[in-house]
Amino acid sequence: MSLDYQKTPAPPFGHPMLEYFPFDKEVKIMNHGSYGSLPVPVLEKCTALAAQAEANPDMWNRVTYLPLLTRVRERVAALLGAQTDECVMVANASAGVSTVLRNIEWAKGDVIVTFRSTYGAVERAVQYICDSPPHPTVTVVPLVFPTTPEAVVAQFRAHLKAIPRVPGQTVLAIIDALVSLPGVLLPWEEMVKVCKEEGVLSLVDGAHAIGQVVGIDLSKIEPDFFISNCHKWLYAKRGCAVLYVPLRNQHLVKSSFPTSHAYISPANRTTPNFVEQFDWTATIDLVPFVSVGPALDFRQWLGGEAKINEYCHQLVMDGAARVAEILGTSVLDPTGDMTGNMVTPPMPGYDFAHKHSGADQTPFSQANVKIPLPDDLDAKATMDKMREKTLVQRKIYVPSFFLPETGWWIRVCAQVWNEMSDFELLGRVLLEVCSETEREIKAA
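Using full-length UniProt numbering, read the sequence shown as starting at 1 and increasing by one per residue.
Here it is as structure tokens:
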């Protein structure tokens, strides 16, 4: 495919878009949310950039790379409603979370707030901090799904108010913008407001946000920290994420992770050097960071953020409902209350009169469908067998997971190459696989 693809109009969304993604033709991709997907034009540009780096490593690393990175930060900042020098690139959301956690000067009696739905690697990073002197403590909000945005905010506020407070104490809340499993969108902007009211630092884990949640304006929302993967929904090369630290908080992030050559002891700094530390954090493959530029070019060619997310949201809501119909089950969020953020302003050009959405909700491209498996099956054995029967044997995969209160579910994603027929195929496959899995585990 030629790098001048933009000279021709983009094809319609659905299967015609498969020409622009390098997928195995025998595979159905329904789990874009885990690792993202790299469009062919972006892949080709990355290959060209890698060749340029190898042709003259000194020129690439000492001269060429930094202006490209600066331009990427400018474009990402514009997408997030932030200033350029409030945004730096890191390898992934976990790296960004760890950077913040390891920079805060914890003291005995400090508290970190997480949720039962917090991503596993983030939960483990918090536990590591709590296991290390001076041993801050962790408190977990016992969020249960299904729920409503109003209930989430009320439960979160009550949890923060119940924390015993003392002068000089640091309390940090780690808030998912979009939960990984189940794939639901939390009212994170309202939760950031609650943090401000309660004197709590907010770290928003927006791993799935950029490229999926339209209209983010961090200058108005004002979280204390925000991290989002660019390699998931934005079509950049793995691994690439943006870490947002507003100017008011950059003194808290004293070092990049790992520590850069640009590090200066805070006592000796005459000017801020937050950005400079993240410009170069050791010798790594820098192509993923600068791939954000070609990824954004490709998205503009497709029609922009609103058009992409309008298609994906409508398809995932209709598709998830169809999968549930085939399985004889239900979706986790039939009204769409947790499929959109009740606080973000409506997306330009989107018809919120759509039958699955409320009038003040932002589209989101993941949904959860209950699958017909009994609650008493061993969780690990069931997930392993489901993965083998779908991903390996039938070449179609969605993650399955168990919620103690409501049983077995799958998370399904929609992207510009998907059509309703993909969801119908998934429903038929899951009907077979669930029956086989239950029978085989019970017979073992």
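No residue lacks a Cβ here, since even glycine has one placed at the ideal position from N, Cα and C.
Since we're looking at a predicted model, the values are computed, not measured.
- Three or more Cβ pairs closer than 8 Å define a contact, and the segment 396 to 412 meets that threshold against the segment 373 to 385.
- Comparing alpha-carbon positions, the option among 210, 218, 320, 225 lying closest to residue 200 turns out to be 225.
- The Cβ atoms of residue 91 and residue 206 do not sit closer than 8 Å to each other.
- Of 140, 391, 187, 125, the smallest CA-CA separation from residue 147 is found for 187.
- Taking the Cα of residue 23 as reference, the smallest distance to any Cα among 434, 417, 443, 234 is reached at 417.
- Shown here, residue 412 sits in a strand according to DSSP, grouped into three states.
- At a Cβ-Cβ threshold of 8 Å, residue 177 and residue 209 count as neighbours.
- Taking all protein chains shown into account, residue 220 has fewer than 16 neighbouring C-beta atoms within 10 Å of its C-beta and is therefore exposed.
- By the Cβ-count criterion, residue 284 is exposed, with fewer than 16 other Cβ atoms from all chains shown falling within 10 Å of its own Cβ.
- Between the segment 292 to 303 and the segment 104 to 114 there are fewer than three inter-stretch CB-CB distances shorter than 8 Å, so the stretches are not counted as touching.
- By the neighbour-count criterion, in which 16 or more other beta carbons inside 10 Å mark a residue as buried, residue 314 falls on the buried side.
- According to the DSSP assignment, residue 368 belongs to the beta strand (DSSP E) that extends over 366 to 370.
- The beta carbon of residue 18 sits closer than 6 Å to the beta carbons of 417 from its chain, once the five residues preceding and following it are set aside; these are given in chain order.
- Boundaries of the beta strand (DSSP E) around residue 176: 171 to 176.
- Around the beta-carbon of residue 405, fewer than 16 other beta-carbon atoms lie within 10 Å, marking it exposed.
- Separation of residue 87 and residue 393 (C-alpha to C-alpha, rounded to the nearest whole angstrom) is 42 Å.
- Taking C-beta atoms as the reference points, residue 370 and residue 407 count as a pair closer than 8 Å.
- The beta carbon of residue 117 lies closer than 7 Å to those of 143, 176, 179 in the same chain, with the five residues before and after it left out.
- Taking 8 Å as the cut-off, the beta carbon of residue 429 is found closer than this to the beta carbon of residue 390.
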